[in-house]
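*Asks:* The structure is given below, and queries will be raised subsequently.
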Amino acid sequence: MKKAVLFLSAVVLGINIFANNPSALPECADTYYPEKIKVLMQSHENFYTGRDLSGKVKITFTLNDDNTFKVLDVDSENIYLENHALQSLNNYKIDNQCLDNGKVYSITVDFIYVI
């Protein structure tokens with residue numbers, strides 16, 4: 006009985022961990038979203054004057070029912086780039102081409118900040 010409970014717990018935990026892993030963007034969004042995100046970040050006011058915002062940034066996000074970005078995590082070696090990505094994208098309403106609202110996605114963008 007103890008083994009059955011332990012096995013069932015491991016299965017449930019494994020399913021839960023697997024279900025929370027972010028998805029890669031579907032093929033229909035492969036080029037649209039990275040470019041759209043770069044444009045949004047470029048057009049957003051830079052609060053870090055004099056700081057280099059260039060680099061790779063991994064953004065984990067979902068789209069709410071009204072197609073607004075909900076940024077769940079931002080990861081980059083450049084802390085200024087992380088903060089800029091969060092400020093630029095969080096709560097921004099986007100034209101949803103083919104993403105499922107509520108599903109978690111992860112995207113890496115190579116961002117070059119042009120002054």
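Position one of the sequence shown corresponds to residue 6 (our numbering), numbered consecutively onward.
Yeah, the Cβ is synthetic: ideal placement off N, Cα and C, and Gly gets one too.
Start and end of the beta strand (DSSP E) containing residue 43?
*Replies:* Element bounds for residue 43: not the beta strand (DSSP E) but the alpha helix (DSSP H), 37-48.
*Asks:* Could you tell me which of 42, 73, 91, 72 sits nearest to residue 79, measuring between CA atoms?
*Replies:* It is 91 whose Cα lies nearest to the Cα of residue 79.
*Asks:* With distances taken between CB atoms, is the gap from residue 45 to residue 106 smaller than 8 Å?
*Replies:* Cβ distance not < 8 Å, so residue 45 and residue 106 don't count as in contact.
*Asks:* Should residue 9 be labelled buried (16 or more other beta-carbon atoms within 10 Å of its own) or exposed?
*Replies:* The pLDDT assigned to residue 9 is 34, lower than 50, so where the model puts this residue is not dependable; a value taken from the coordinates is nonetheless given after this. By the 10 Å Cβ count, residue 9 comes out exposed.
*Asks:* At what residues does the beta strand (DSSP E) containing residue 64 begin and finish?
*Replies:* Note, residue 64: beta strand (DSSP E), 60-68.
*Asks:* How is the beta strand (DSSP E) around residue 112 delimited, first residue to last?
*Replies:* 110-116 is the span of the beta strand (DSSP E), which, as asked, contains residue 112.
*Asks:* Only counting the same chain, and skipping five residues up and downstream in sequence, which positions put a Cβ closer than 8 Å to that of residue 87?
*Replies:* These residues qualify, in order along the chain: 62, 79, 80, 81.
*Asks:* Straight-line CA distance for residue 112 to residue 66?
*Replies:* Roughly 8 Å separates the two Cα atoms.
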